[in-house]
Amino acid sequence: MKAALITGITGQDGAYLARLLLNKGYKVYGLIARRSTDTTWRLDYLNIKNEVDLIEGDMTDLSSLIRALNFSKPTEVYNLAAQSFVGTSWEQPVLTANVTAVGVVNLLEAIRLTNPAIRFYQASTSEMFGLIQEPMQSESTPFYPRSPYGVAKLYGHWITVNYRESFGMHTSSGILFNHESPLRGIEFVTRKVTDAAARIKSGLQSELRLGNIDAKRDWGFAGDYVEAMWLMTQQEVGDDYVVATGKTTTVREMCDIAFSYLDLDYQDYVVIDPKFYRPAEVEVLLGDPTKAITKLNWEPETSLNDLVRMMVDADLQRVKQEVSLVAGV
Ligand code: NAP
Ligand code: F7E
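Quick look at the structure:
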């Protein structure tokens with residue numbers, strides 16, 4: 580039986596990837612960081628909490644990574660753990676570097692020391708393109724990160740390439756553009772919008788405060804994107820791939836999709852708040868997924884309209900449950 584270790588299993592992608600690998604018959608282990616509150620709600624949401632084996636550990640603690648590898652004996656490791664919120668990376672740049680950059684080399688070293696034959700996936704990001712150098716970004720587009728997060732991820736990307744070239748290890752870097760789902764953290768703009776639309780519709784909220792709504796992103800569905808991660812580790816050799824939809828949309832248009840689905844006009848509720856502007860913005864991202872489509876035979880299946888509606892429906896459901904809980908129904 581194949582075994583996989585997923586770091587960041589409690590995050591959005593970790594939960595979807597765990598479900599995918601379980602469905603493929605893998606034994607799934609997940610690294611779980613010690614927190615003062617329970618972080619496993621996404622595994623509960625997908626009803627897989629009892630099917631995965633959680634091992635305590637932290638990306639900043641090399642010894643815990645070695646222990647996790649010795650215990651799980653995986654054939655594949657997916658490194659999804661990160662301080663992943665761009666906004667926070669200006670508030671906590673050192674933590675972001677320790678987890679999101681140095682954490683990657685910790686894990687690669689742990690693999691090299693325990694079993695260098697393990698296949699490794701690194702969660703790289705379109706944020707590395709930052710101030711874009713080409714209108715459509717592909718694997719050959721030069722990088723220009725704009726946040727401490729983007730800079731940290733760039734280290735993670737290059738150290739992944741370097742371990743492939745230096746030690747012949749099977750390492751892949753997935754340069755994933757924004758991907759969302761009902762399991763997205765509430766601090767990210769799509770989920771902030773769909774949650775607010777559901778609350779406004781239910782009479783629980785009166786406005787939505789946002790920053791730069793003219794920013795453009797290439798948004799896909801996380802459930803589609805974890806498939807690409809798995810495909811990368813199944814190739815004969817490790818490589819780098821852009822995973823994207825090839826379409827870009829403003830935050831403003833995304834708001835319109837969410838609110839009009841509920842027969843609301845977003846302009847009646849959105850308030851621009853400078854608090855949500857970033858010190859350096861990534862204005863536009865647009866990925867070219869040709870290599871993933873041709874070499875991995877991967878395809879994005881969910882349109883932005885369907886994705887946003889799926890998220891609004893899930894948030895409406897959550898709001899309903901919250902309301903009936905408060906009412907004691
Ligand atoms: P996410 O929901 O923020 O999940 C991040 C995961 O990392 C969580 O499980 C978190 O654990 C864990 N983590 C944080 N610090 C850790 C530490 N010190 N040690 C161990 N685990 C730690 O992120 P996501 O959206 O699923 O993204 C998955 C990965 O892909 C991330 O590396 C992200 O940077 C990258 N990425 C995401 C996107 C996107 O659009 N979603 C695009 C490109 C790349 P807790 O639950 O305990 O906090
Ligand atoms: O912002 C603008 C904001 O925080 C998207 C992470 O998964 O994807 C994600 O990073 C855009 C930005 O995602 C608000 O300025 C306006 O231009 O949803 P976001 P992100 O920064 O693109 C990449 C690929 C990753 O790798 C990251 O880990 O929306 N925006 N108003 C806002 N953003 C937020 N969060 N909140 C606002 O109120």
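Position one of the sequence shown corresponds to residue 580 (the working numbering), numbered consecutively onward. Even glycine gets a Cβ: it sits at the ideal position worked out from N, Cα and C. Everything numeric in this text was worked out from a predicted model, so none of it was measured.
Quick check on DSSP: helix, strand or coil for residue i?
{"i": "N602", "result": "helix"}
{"i": "E688", "result": "helix"}
{"i": "I585", "result": "strand"}
{"i": "R796", "result": "strand"}
{"i": "D894", "result": "helix"}
{"i": "Y840", "result": "helix"}
{"i": "H749", "result": "coil"}
{"i": "G590", "result": "coil"}
{"i": "Y856", "result": "coil"}
{"i": "T873", "result": "helix"}
{"i": "I738", "result": "helix"}
{"i": "Q662", "result": "coil"}
{"i": "V656", "result": "strand"}
{"i": "T679", "result": "helix"}
{"i": "Q716", "result": "strand"}
Check for me: the alpha helix (DSSP H) holding residue i runs from which residue to which?
{"i": "S643", "result": "L641 to S651"}
{"i": "V849", "result": "Note, V849: premise wrong, no alpha helix (DSSP H); beta strand (DSSP E) at V849 to I851."}
{"i": "N626", "result": "Where N626 is concerned, there is no enclosing alpha helix (DSSP H), given that its DSSP letter is neither H nor E."}
{"i": "S668", "result": "T667 to E670"}
{"i": "D774", "result": "V768 to K780"}
{"i": "V805", "result": "A801 to Q813"}
In terms of alpha-carbon separation, which member of the options lies closest to residue i?
{"i": "Q671", "options": "S726, L755 and V863", "result": "S726"}
{"i": "S651", "options": "L865, V849 and L584", "result": "L584"}
{"i": "K628", "options": "G636, V607, D640 and L648", "result": "V607"}
{"i": "L789", "options": "D885, A776, S719 and Y657", "result": "A776"}
{"i": "T693", "options": "P714, V805 and A647", "result": "A647"}
{"i": "V822", "options": "T869, A689, E759 and D617", "result": "T869"}
{"i": "R763", "options": "M580, T881 and Q591", "result": "Q591"}
{"i": "E832", "options": "V805, T773, S781 and T873", "result": "T773"}
{"i": "L883", "options": "M808, Y820 and D797", "result": "D797"}
{"i": "L875", "options": "T881, Q900, K826 and E806", "result": "E806"}
{"i": "Y595", "options": "S760, V830, Q896 and S903", "result": "S760"}
{"i": "E878", "options": "D803, V768, F756 and T675", "result": "D803"}
{"i": "T619", "options": "G593, G817, L755 and A680", "result": "G593"}
Looking at the unbroken beta strand (DSSP E) that takes in residue i, where does it start and where does it end?
{"i": "Q701", "result": "R698 to T704"}
{"i": "I634", "result": "D632 to E635"}
{"i": "D819", "result": "D819 to V822"}
{"i": "R788", "result": "L787 to L789"}
Please classify residue i: is it buried, with 16 or more other beta-carbons within 10 angstroms of its beta-carbon, or exposed?
{"i": "P853", "result": "exposed"}
{"i": "V849", "result": "buried"}
{"i": "S643", "result": "buried"}
{"i": "Y851", "result": "Sequence inspection shows Ile at residue 851; the Tyr mentioned does not correspond to that position. Looking at its Cβ environment, which holds fewer than 16 other Cβ atoms inside 10 Å, I851 is exposed."}
{"i": "A794", "result": "buried"}
{"i": "Y742", "result": "buried"}
{"i": "L783", "result": "exposed"}
{"i": "R614", "result": "exposed"}
{"i": "V673", "result": "exposed"}
{"i": "D716", "result": "In the sequence on display, residue 716 carries Gln and not Asp. Buried, by the Cβ-count rule."}
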